[in-house]
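Each remark here refers to the structure printed beneath this line.
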Amino acid sequence: MNSSAAFHEIVALANALPDVQRKVGGNAATMAARASAEGCTVLSGAAMGVHMKQYFDDPMIQLVRAIEGEEKEDVHLVLEYGRVDAFRGHVSPRANRYYLNHDVHNARLSVLEEFEQTLETFEPDLVVFGGLQLMEVEQDVRARVLRLEALAGVFQNLYAVDTPTHYEFAAVSDFGLFSDTVRLVLPWVDSIGLNEQELFILHHFLVTGKESTATTSRPTIAEIYDIIQFAKDARETVETSRRGKEDDGKHEVTVALAHLSRIHFHTLQFHVVCQRKKGIWEDPTSALVQSALIRSKVACGKPPVPRSGSASDNENEAQSTRTSAEMEVDPERVETLLAREQLLSERQDHKVDLDPLSPVITGQEADFQCHLVPMLACKKPDYTAVLGYNISGTGIAYHRLQKTKTKADVFAE
Numbered sequence: 006m007n008s009s010a011a012f013h014e015i016v017a018l019a020n021a022l023p024d025v026q027r028k029v030g031g032n033a034a035t036m037a038a039r040a041s042a043e044g045c046t047v048l049s050g051a052a053m054g055v056h057m058k059q060y061f062d063d064p065m066i067q068l069v070r071a072i073e074g075e076e077k078e079d080v081h082l083v084l085e086y087g088r089v090d091a092f093r094g095h096v097s098p099r100a101n102r103y104y105l106n107h108d109v110h111n112a113r114l115s116v117l118e119e120f121e122q123t124l125e126t127f128e129p130d131l132v133v134f135g136g137l138q139l140m141e142v143e144q145d146v147r148a149r150v151l152r153l154e155a156l157a158g159v160f161q162n163l164y165a166v167d168t169p170t171h172y173e174f175a176a177v178s179d180f181g182l183f184s185d186t187v188r189l190v191l192p193w194v195d196s197i198g199l200n201e202q203e204l205f206i207l208h209h210f211l212v213t214g215k216e217s218t219a220t221t222s223r224p225t226i227a228e229i230y231d232i233i234q235f236a237k238d239a240r241e242t243v244e245t246s247r248r249g250k251e252d253d254g255k256h257e258v259t260v261a262l263a264h265l266s267r268i269h270f271h272t273l274q275f276h277v278v279c280q281r282k283k284g285i286w287e288d289p290t291s292a293l294v295q296s297a298l299i300r301s302k303v304a305c306g307k308p309p310v311p312r313s314g315s316a317s318d319n320e321n322e323a324q325s326t327r328t329s330a331e332m333e334v335d336p337e338r339v340e341t342l343l344a345r346e347q348l349l350s351e352r353q354d355h356k357v358d359l360d361p362l363s364p365v366i367t368g369q370e371a372d373f374q375c376h377l378v379p380m381l382a383c384k385k386p387d388y389t390a391v392l393g394y395n396i397s398g399t400g401i402a403y404h405r406l407q408k409t410k411t412k413a414d415v416f417a418e
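All residue numbers for the sequence shown refer to the working numbering, where the first residue is 6 and numbers rise by one.
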């Protein structure tokens, strides 16, 4: 939303509602909270004010900078609605949500330079970026591109010192911004996380160069394989350019996804983690299963057991994020939507039958090994917001890097 005044009027109206719920939101904050809950040491580059800081009393989370003085804290408004909910004659075919925000700090990447400076002493194993879709609030396109170029510089510096990076996708409404992100940021990322809408938009954009927002909620694994093939072609283009490059001052060719070594795709029916063989990542099975389970636990899991000595059960009071081990799937509220027989590759005509006792199945595409697990989908979810960030935060926390003895993850928004 472009108007700050109008947005904060809506925030005031929302705050006056009797049943409004207040929770941690946003890519960086949610992923940081989830990763730290699963045992990671985290440096968060999100700009946080006094209200958000209440949720981050965990000593394993280090904040780069807090919002002080008269600066307004970034707020996201989420309107959740369930399947068959009706509004003015329109009936929802599935549970979903409507987002509204006016992020100033995230739109301008206001803590980027401080974040990069802090990285030198933090010495991360992995750096995670997300929330770039919020930059659409910045209407000065040139200023926006300059900030993206600064971010691309951070990615290049991390690449130069062999620090892996992960980019978390989100909803797209400004395709000029999306195009700039693909052009400037994606050439340097090692890992990406995305859902079915984000996969379709990226796939369509890379294949056709055109924008698209229409998609299906029942994607196929074939789209993921197309992304892998695109990444393979991009890598070969860059490698060919390097071999033929002479010391004549020419800039190195950059192509989106040229350094991609990992994809984490999550949808209502299944999760997939694909990674380059002989790459930097260890076996993804634990990360895949844990991230699939966390969605069901957050969206429709069993209610938390009151903690000993708790004086209040007010869910709007600041509480630390529960670990996945403290959460349980409610078997009465979930179902599987994935067919027993799955076509893993049309080109290879590779079909497999899912085994309920051993549900993780594997397949190969180009030089990537892919691992798929069916989802326990919620029949009637309590929430749909921030599920993807919990999923990817868990996946990153459990997916170890080879020859890495520490678990330090960094999240910036």
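Even glycine gets a Cβ: it sits at the ideal position worked out from N, Cα and C.
- Restricting attention to beta strand (DSSP E) runs no shorter than 3 residues, the region 17-104 encloses them at 46-49, 66-68 and 81-86, ordered along the chain.
- When DSSP states are grouped into helix, strand and coil, Q374 belongs to the strand group.
- D24 counts as exposed, since fewer than 16 other C-beta atoms from the protein chains shown sit within 10 angstroms of its C-beta.
- Taken in chain order, the complete alpha helix (DSSP H) segments of 4 residues or longer contained in the region 376-403 are 392-403.
- For E125, the enclosing alpha helix (DSSP H) stretches over residues L117 to F127.
- In the DSSP assignment, H269 is bridged to G198 and V278.
- Per DSSP, reduced to three states, the secondary structure at F205 is helical.
- If you draw a 10 Å sphere on the C-beta of H264, you find 16 or more other C-beta atoms in it, and that means buried.
- Assigned with DSSP and collapsed to three states, V365 falls in coil, not helix or strand.
- Assigned with DSSP and collapsed to three states, Q347 falls in strand.
- Your pair G87 and K385 checks out as a contact, with CB atoms roughly 6 Å apart and the cut at 8 Å.
- When DSSP states are grouped into helix, strand and coil, L342 belongs to the coil group.
- According to DSSP, L182 shares a beta bridge with no other residue.
- Here W286 is bridged, per DSSP, to L406.
- The beta-carbon distance between A261 and L182, rounded to whole angstroms, is 15 Å. This is too long to meet the 8 Å contact definition.
- Q280 counts as buried, since no fewer than 16 other beta carbons sit within 10 angstroms of its beta carbon.
- By the neighbour-count definition (other C-beta atoms within 10 Å, threshold 16), G94 is an exposed residue.
- E173 is positioned such that its CB atom lies closer than 7 Å to that of N32.
- In this structure, T123 sits near V69, with a CB-CB distance shorter than 7 Å.
- Contact between L82 and L117 does not hold, since the beta-carbon distance rounds to 25 Å and is not under 8 Å.
- In this chain, the alpha helix (DSSP H) harbouring G158 covers V146 to A165.
- Among the bridge pairs identified by DSSP, V190 is matched with none.
- In the DSSP assignment, D358 is bridged to E346.
- The beta-carbon separation of E154 and L189, rounded to 6 Å, stays under the 8 Å limit for a contact.
- In this structure, A112 lies near E143, with their beta-carbon atoms less than 7 Å apart.
- About 4 Å separates the beta carbon of G400 from that of S296, a gap short enough to meet the 8 Å contact definition.
- Between L114 and R152 the beta-carbon gap is near 5 Å, inside 8 Å, which marks them as a contact.
- One Cα belongs to T341, the other to T218, and the distance between them is close to 27 Å.
- Taking C-beta separations shorter than 7 Å and ignoring five residues to either side along the sequence, the partners of V243 in its chain run V258, V260 and A263, following chain order.
- DSSP links N106 through a beta bridge to H81.
- Proximity to A175 across N200, D195 and I15 peaks at N200, based on C-alpha coordinates.
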